[in-house]
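Read through the structure below, which is laid out as structure tokens, and then see the notes.
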Amino acid sequence: MDDYDPLDRDAADLDPMEHIVERLALLTLEEAHDLLRLLQRVAREDGPLSPDADRWVQEIAARIPSEN
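Numbering (this note's numbering), first residue to last: 6 to 73.
Quick look at the structure:
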């Protein structure tokens, strides 16, 4: 695990591309809320990615039901 590189696609246990495309098509509602929370944190940091994160927060929040 010491040699782990999260960006090394050859070392990662990934499905062939056609299966990856199928998996990317949908997120579960829980995954969408997790992603929304992450993007909200990035948007609040007032860094270089904040405007993009804020835009995605608005897009995702408009497309998924509230957690409440």
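The C-beta atom is built at its ideal place from N, Cα and C for all residues, glycine as well.
Only a predicted model underlies this, so the values are computations on that prediction, with no experimental measurement involved.
- According to the DSSP assignment, E35 belongs to the alpha helix (DSSP H) that extends over 34-49.
- Going by beta carbons, W61 and L44 fall inside the 7 Å limit.
- DSSP places P56 inside the alpha helix (DSSP H), whose first and last residues are 55-68.
- Inter-residue distance for D39 and I65 is about 11 Å (C-alpha atoms, whole angstroms).
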